[in-house]
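Residue numbers (the working numbering): 65 to 179. Here a beta-carbon is modelled for each residue, glycine too, at the ideal position from N, C-alpha and C. First the structure, in the form of structure tokens, and then the observations on it.
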């Protein structure tokens with residue numbers, strides 16, 4: 065079992081920055097992928113960024129160049145640095161853990177960008 069707890073959400077003005085964190089606890093094996101998703105009101109949940117245990121990263125086109133995903137192996141955490149925020153980045157952000165045969169989600173953290 066893996067438990068995920070997100071933090072770092074809040075209200076920020078357009079053009080500002082926020083750093084989200086996701087702390088993982090439980091049994092984490094050698095190969096896994098962690099990801100950030102987001103869901104805006106009335107929209108489907110969408111993938112924002114992923115990072116593998118081998119530090120391979122991928123980003124959606126909408127955040128590429130503005131967001132950076134990173135891992136902290138010691139603390140078993142993943143972070144999402146969000147810069148140059150736009151009103152369309154407003155959403156609930158979810159952390160996801162995946163390995164073969166298993167996945168887990170965090171409870172989400174609200175990010176609101178005011179224009």
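Coarse secondary structure for residue i, derived from DSSP in three states
i           : result
residue 151 : helix
residue 131 : strand
residue 117 : coil
residue 97  : strand
residue 69  : strand
residue 136 : strand
residue 88  : strand
residue 109 : coil
residue 78  : coil
residue 141 : strand
residue 171 : coil
residue 126 : coil
residue 262 : Outside the shown range of the chain (65 to 179) lies residue 262, about which nothing can therefore be said.
Spatial distance of residue i from residue j (CA atoms)
i           : j           : result
residue 169 : residue 73  : 16 Å
residue 178 : residue 155 : 12 Å
residue 160 : residue 68  : 8 Å
residue 109 : residue 84  : 17 Å
residue 144 : residue 65  : 23 Å
residue 129 : residue 166 : 30 Å
residue 78  : residue 127 : 14 Å
Per-residue burial, residue i [other beta carbons within 10 Å of its own, 16 or more giving buried]
i           : result
residue 164 : exposed
residue 153 : buried
residue 93  : exposed
residue 142 : buried
residue 91  : exposed
residue 173 : buried
residue 149 : buried
Can at least three beta-carbon pairs, one atom from the region 81-100 and one from the region 112-129, be found at a separation below 8 Å? In short, these stretches touch, since the Cβ pair count reaches three.
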